[in-house]
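See structure below.
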Amino acid sequence: MKPVMTLAELQELTPAYDDFAVIENCNIPDYYKTVFPSHCKCGAEIIMTREGRTQLQCCNPCCWIKMAHRMSYFISFHGFKDFGEQTCLSLFSACHDVLPYYSFLSAFSLSDTQLAVGLSDNKISLLHEIKEELQHHAFHFSDAIASLGIPNVGPLSPLFDVVKSPLVLLQYMLQGKTNELCDMAGIQAQSTRFHLRTFDIDVLLLMRDIMPNIMATPKGEVFVAITGKVSVRGQSYTRAEFIDLCESIKDQSGTQLYKLVETKSREKLQYVIADTPSNSDKYQIGRQLGKLITADEFYEVLMSAVQKEETATNEEKEENANGA
Ligand SMILES: [Zn+2]
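Numbering (this note's numbering), first residue to last: 26 to 349.
Okay, here's the thing in structure tokens:
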């Protein structure tokens, strides 16, 4: 992907911006045409929907201001603090000319000398710490991709119903076949399709340099709501600890079996985990839907799948032994 400096160029790449115009050609009072900037700081044209007067934006997908925004989204998505929007803007404002790729992730590979133009020493060491953390932790595939801030690709995107592993996604991207994926996942929105194509470089850098431990989406996503403190086999857990506990269940090959997705959506909810009755919304929804379960019972439901698998394998072994 190269910078796209004009709306005309952008419209050649995708139909997603057919309804857009440069400020001058928009149906807005002349007053606004003098107030709104015609060009972004990155040099590209500013565009907005011709009639709707909305979505004022830079036409360049590789705009460094957009990169700064996505960087700060990425960093806060993974729970890091003190590296916010202003810091990212300062970083990209100073360093966008020396980025090796048109991706916000390539900021992670700049040298300290390059970074020092835009960041204080403190922020530079913080950036190193963030990178270090990301490199040594494992991430769920859908979370990892969602953290890139590709428009409309959140952790529950239908994209992850059709691709479960990072390598498969990358394969489609490198072969220029992301539209096929969108067809399979039922993603119609042209802008989502366009940005998935455009941000293949982010996925590549993410997997290669930033998060070498991206796990395929585990077999079972379980949609739950958890109310208050819970306990399993006599030990009490906070919500986060309980989720960790359930997600640490592995099959015999060491593959994670479950990913707990917290939701309040009545359509999605499979279990409402509550050890004691309460007046909380979650509890009331669980009661209405008949989906209440204690943490202990829930944990046993998850474990029973592992035990079934073990029994099956043992039976196989026995059969083999008998046969031999
Ligand atoms: Zn721009």
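All C-beta atoms in this analysis are idealised placements derived from N, C-alpha and C, irrespective of residue type, glycine included. Bear in mind the structure is a predicted one, so any value in this text is a computation, not a measurement.
So is the beta-carbon of residue i under 7 Å away from any non-hydrogen atom of ligand 1?
i: C271; result: no
i: K66; result: yes
i: I48; result: no
i: A69; result: yes
i: C88; result: yes
i: C83; result: yes
Between the alpha carbons of residue i and residue j, how many angstroms are there, rounded?
i: P183; j: Y56; result: 42 Å
i: L135; j: A141; result: 10 Å
i: F105; j: P54; result: 43 Å
i: E325; j: A265; result: 18 Å
i: S150; j: L130; result: 16 Å
i: S96; j: Q277; result: According to the sequence provided, residue 96 is Met. The question's Ser does not apply to it. Cα-Cα distance, rounded: 38 Å.
i: Q313; j: L282; result: 29 Å
i: V188; j: T79; result: 33 Å
i: P125; j: C88; result: 14 Å
i: V47; j: H121; result: 24 Å
i: G348; j: L229; result: With a pLDDT of 46 at G348, under the threshold of 50, the modelled position of that residue is not reliable, and the figure given next carries that caveat. Taking the straight line from one Cα to the other gives about 48 Å.
i: I72; j: Q82; result: 5 Å
i: L195; j: R291; result: 34 Å
i: I318; j: L327; result: 12 Å
i: C358; j: P180; result: Within the shown structure, residues of the chain are numbered from 26 to 349, placing residue 358 beyond reach of any answer.
i: R218; j: T39; result: 9 Å
i: V286; j: K58; result: 46 Å
i: T223; j: N204; result: 12 Å
i: F185; j: I175; result: 14 Å
i: T138; j: G109; result: 21 Å
i: V9; j: D225; result: Outside the shown range of the chain, which is 26 to 349, sits residue 9, and nothing can be said about it.
i: I268; j: K254; result: 12 Å
i: S118; j: Q36; result: 27 Å
i: S305; j: C207; result: 38 Å
i: S256; j: V249; result: 16 Å
i: V29; j: K148; result: 30 Å
i: G68; j: T288; result: 42 Å
i: E154; j: N238; result: 17 Å
i: S63; j: S172; result: 31 Å
i: I310; j: I274; result: 27 Å
i: T74; j: F45; result: 4 Å
i: S101; j: C113; result: 12 Å
i: A214; j: G259; result: 49 Å
Hey, could you find the ends of the beta strand (DSSP E) residue i is sitting in?
i: E272; result: E272 -> not in any beta strand (DSSP E); alpha helix (DSSP H) instead, spanning 264-272.
i: F248; result: 245-252
i: M198; result: From DSSP, M198 is part of no beta strand (DSSP E) but of the alpha helix (DSSP H) over 191-199.
i: T31; result: Looking at the DSSP string, T31 is not in any beta strand (DSSP E), and its letter there is neither H nor E.
i: A69; result: Run containing A69: none; DSSP gives neither H nor E here.
i: S256; result: 255-257
i: I298; result: 296-299
i: E287; result: 283-287
Could you spell out where the alpha helix (DSSP H) holding residue i opens and where it closes?
i: A132; result: Segment: none, A132 is in no alpha helix (DSSP H) and carries neither H nor E.
i: V60; result: 55-60
i: T223; result: 215-223
i: A46; result: Where A46 is concerned, there is no enclosing alpha helix (DSSP H), although the beta strand (DSSP E) it sits in stretches over 45-47.
i: T39; result: First-last for T39: undefined, no H or E at that position.
i: D234; result: Counting along the chain, D234 falls outside any alpha helix (DSSP H), and DSSP gives it neither H nor E.
i: E205; result: 203-210
i: F99; result: 89-102
Indicate, with yes or no, if ligand 2 has a heavy atom lying under 7 Å from the CB of residue i.
i: P183; result: As for ligand 2, it is missing from this structure, which binds only ligand 1.
Discussion item. Quick check on the DSSP output: what are the complete alpha helix (DSSP H) runs of length 4 or more inside the region 113-154, in order along the chain?
Written reply: 137-140
Worksheet item: Taking the runs of the alpha helix (DSSP H) that are 4 residues or longer, which of them lie wholly in the region 300-329?
Response: 306-314
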